[in-house]
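**Q**
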Amino acid sequence: MTNIQEGGEFMRQVKLGTKIAAGYLVVLLLTVGLGILAIYNMLGVKKDSDILSKEYVPAVQAANDVQRNAAMITFYMVEVSLLESEKRWGDATKSFVEMEKALETAQAVAKSSTN
Numbered sequence: 832m833t834n835i836q837e838g839g840e841f842m843r844q845v846k847l848g849t850k851i852a853a854g855y856l857v858v859l860l861l862t863v864g865l866g867i868l869a870i871y872n873m874l875g876v877k878k879d880s881d882i883l884s885k886e887y888v889p890a891v892q893a894a895n896d897v898q899r900n901a902a903m904i905t906f907y908m909v910e911v912s913l914l915e916s917e918k919r920w921g922d923a924t925k926s927f928v929e930m931e932k933a934l935e936t937a938q939a940v941a942k943s944s945t946n
């Protein structure tokens, strides 16, 4: 007899309940293995999401504030030039102050960032 035939003979001698139990055990081990792998991968995702929330989001927000203030200053200064509006001059001055704050915030975010 060859090894294949001997293996087939062995499976014929094993009871049906034992075969079913072995099948469930294999499925259970695969499920546990996949669960452990999923938990390991989710811990890596948690690390990446922490970096996003603590570094990238504040940096993008600071850059957006700088860009918005620059656009508003440009808009107000065009109106001041064309209409000689005192109100828009005050708005432009306020936007300059906000721009300075936004630049300070951007510098603080840049210094605290590790990435």
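Be aware that the sequence shown starts at 832, since it is given in this note's numbering, and climbs by one per residue.
Ideal Cβ positions, reconstructed from N, Cα and C, are used throughout, including at glycine.
Please name the residue in M842, V909 and V891 whose C-alpha comes closest to that of L934.
**A** V891
**Q** Do you know offhand how far L860's Cα is from A941's?
**A** Roughly 47 Å separates the two Cα atoms.
**Q** Once DSSP output is grouped into helix, strand and coil, what is the label at S926?
**A** Residue state, collapsed to three classes: helix.
**Q** Taking C-alpha atoms, which residue in A869, F906 and V888 lies nearest to S944?
**A** Check the Cα spacing between S944 and each of A869, F906 and V888: the tightest is with V888.
**Q** Where does R919 land, buried or exposed, given buried means 16+ other C-beta within 10 angstroms?
**A** buried
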